[in-house]
Amino acid sequence: MNTHHGWTATPITLGILRGALDLERTGRGVLPHRLPAHAREQIPDGQLAMAESQPSGVRLAFRSRATAVELDVVATKRVYPGAPPRPDGVYELLVDGHLAGRASAPGGDTLTVDLASGTAHSRPGPVETLRFTGLPDDEKHIEIWLPHDETTELVALRTDAPVRAPQPSDRPVWLHHGSSISHGSNAATPTGTWPALAAALGGAELINLGFGGSALLDPFTARAIRDTAADLISVKIGINLVNADLMRLRAFGPAVHGFLDTIREGHPTTPLLVVSPILCPIHENTPGPCAPDLSAMSEGRLRFIATGDPAETAAGKLTLTVIRDELARLVGQRAATDPHLHHLDGLALYGATDHAELPLPDDLHPDPATHRRIAERFAGLAFGDSGPFAAENR
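Here is the structure:
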C-alpha cells in the first residue's frame, strides 16, 4: 500500500519476522512474543511475562530496493529506583548480513520496578519513529534486529520501495533456551548477545528463548520448544534454578528428565545440546536465593549477592557446582540410548581464567566482551568440525 508521502507501508506479520513464536495484536500495533499464547496463559509471574515479550533475537526480514526505511515503535523503558539508568534499547539494520545502521527510541512506555519491594507500575508513552537512510538502491536482504532487552510494540513499517518476503534460508534453524545470560543481559546491542554472535559464526538462523530470570524448567517452555521447527536445539540449565532457590536436588533430576522428554516428543533425533552453567563465583558453592546488593544500590551501582548458606547443600540445596555434576551424570545416562544428545560443560565457555581477565560487572552477568568470548567458544565447540552441531551430525 502506498502512503500519501510516497512511502510503501507494509503490514507487519509473522511472514517478515524471524525469531518470534507469536504475534499479538494490540491497540497500537503488534507485539512479538517468544512464547506462544497457550504457554503465556500458564506464566505464573510478571518476570517471565516481561522477559518473553522482550524480543531478543527477533528481527524483521525482507527484500527490497529501498534506500530508506522507517519503523514506528512503542518501546517499554524499565526504571529501577536506586539503580543506574538503563540505556535505550538499540535497533540494528543489516543489509545482506552487514551492519548498515543503528537507532534508538528515546521515548515510550515506562515500567518502574522496585527491586526491594518487588512491586511495579507502568505509564504509557508515545510512538517513536526510527529512520534508516542511505541504503544501496539495489535488491538486497534487509534485517532490523529489535532490542534484545526492551519490550517493543511494532506500529508501522514504511519503505521508499516495495517490500518482498525474504527468500527461504538454507541455514539451519538453531533454537536456544537459557537464562538472562542467553537473553543478553549486559550486551550492548541485539546482534551482540552471545547467541546472536554464535549463530552468525555458526551460520545458523537463531530462535532465542533465553528468558531473564526464567530458565526454570517450566513444562510450558519445553512444550514450546517441542512444537517449534528447529534443526538444532540447545538448553542451558542452572543459574536461575540456583538464584531463585526454586527446588532441591531431589526435584532437579526428574525435572530435567521431564524437560528433555518433552522436547524429544517433537524432536526425537534432532541434535540436542545440554549446557551447564558458566562460572558465577557468588553461586559456585553458595545456594540462593540471589538478591540485589542494597549497599551497592545506595552508591548507584547494581550488583547481586547470594544469600543462602553453603551448609544447606547437604540438605539438597542447589549450587552451580552441584548442578554441573548432576547434569553431566544425567546426560551421560540418557546418551546411552540417545546418540543425538550431547553435554557441554559451561566452564569451557567461561571459567576461572576468563573471570580473572573479564569479571562479571554485577557479579552475575557478562559484559559485551565476555558475550563475544562465550559466543566464540560455543561456536567452536558446538558448530565446529567435531561438534554436535557440525553439518555431518544434522
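In this note's numbering, the protein residues as written are 14 to 407. Using N, Cα and C, we set each Cβ at its ideal position, and we do this for glycine too.
Residue of the options minimising C-alpha distance to residue i
i	options	result
P97	I220, V126, S69, A79	V126
P438	A22, I25, A264, R316	What the structure shows of the chain is the stretch from 14 to 407, and residue 438 is not part of that stretch, so it cannot be assessed.
T202	A178, G114, P137	G114
F224	A133, I252, P24, G120	I252
A327	T299, P305, L107, A304	T299
P94	L124, L84, P119	L124
L34	I250, G359, L219	L219
P136	D173, V87, T172, Q346	Looking at the sequence shown, residue 136 is not Pro but Arg. If we check each option's Cα against that of R136, V87 comes out closest.
L245	L106, G19, T164, A404	A404
N406	T283, Y363, D375, L362	T283
R76	P57, V108, R91	V108
A178	L73, R41, G329	L73
E19	T172, P379, A382	Per the sequence shown, the amino acid found at residue 19 is Gly instead of Glu. Comparing Cα positions, the closest option is T172.
A118	G110, H134, P139	P139
T334	R184, H296, P281	H296
E105	T320, A133, G131, T146	T146
L112	P149, D376, G42, D274	P149
Three-state class that DSSP yields for residue i in the structure shown
i	result
W158	strand
D358	coil
N221	strand
S195	helix
F402	coil
A388	helix
S66	helix
E370	helix
A133	strand
T123	strand
T23	strand
E141	strand
G114	strand
I56	coil
D291	Looking at the sequence itself, residue 291 is Ile, so the reference to Asp does not match. If DSSP states are grouped into helix, strand and coil, I291 belongs with coil.
E297	coil
M14	Bear in mind that a pLDDT of 42 at M14, under 50, signals an unreliable position, so the number given afterwards is only what the model happens to contain. Correct three-state label for M14: coil.
E152	coil
L229	coil
Residue i, enclosing alpha helix (DSSP H) - first and last residue
i	result
I276	262-279
P208	207-215
V255	252-256
E339	333-348
S308	307-310
H51	50-53
For residue i, the first and last residue of its enclosing beta strand (DSSP E)
i	result
P232	That residue, P232, is in no beta strand (DSSP E); its alpha helix (DSSP H) goes 232-239.
H46	43-46
D85	82-92
A319	317-319
T172	165-172
Y104	104-108
L73	72-77
Assumed close pair residue i, residue j - CB separation to whole angstroms, cut-off 8 Å
i	j	result
V176	T26	About 11 Å; that fails the 8 Å criterion.
L222	H189	7 Å
S193	G226	6 Å
G197	D162	6 Å
F396	L167	Between L167 and F396 the Cβ distance is about 31 Å, and since that is not below 8 Å, they are no contact.
R239	K330	That belief does not hold up - the Cβ atoms of R239 and K330 are roughly 30 Å apart, past 8 Å.
A243	W187	7 Å
L371	A382	6 Å
Minimum Cβ-Cβ distance from residue i to chain D less than 8 Å
i	result
L357	Of the chains in the structure shown, none is chain D; there is only one protein chain.
- prompt: At a cut of 8 Å, does the region 222-237 reach the region 91-106 through at least three beta carbon pairs?
  reply: Contact between the region 222-237 and the region 91-106 is absent, because fewer than three Cβ pairs lie under 8 Å.
message: If contact is defined by three or more beta carbon pairs under 8 Å, each pair taking one atom from either stretch, is the region 307-325 in contact with the region 266-283?
response: No, the region 266-283 is not in contact with the region 307-325.
field: Contact the region 34-47 vs the region 63-71: 3+ CB pairs below 8 Å
entry: Using a C-beta cut-off of 8 Å, the region 34-47 makes contact with the region 63-71, since at least three inter-stretch Cβ pairs fall below that distance.
message: Across the region 352-359 and the region 281-293, are there enough close Cβ pairs to call them in contact, namely three or more that are closer than 8 Å?
response: Contact between the region 352-359 and the region 281-293 is present, because at least three Cβ pairs lie under 8 Å.
message: Taking contact to mean 3 or more Cβ pairs, one atom from each stretch, closer than 8 Å, check whether the region 67-85 and the region 147-160 are in contact.
response: Remark: three or more beta-carbon pairs, one from each stretch, lie closer than 8 Å, so the region 67-85 and the region 147-160 are flagged as touching.
- request: Determine contact between the region 382-400 and the region 364-372, defined as no fewer than three beta-carbon pairs at a distance below 8 Å.
  value: Verdict: yes, contact present.
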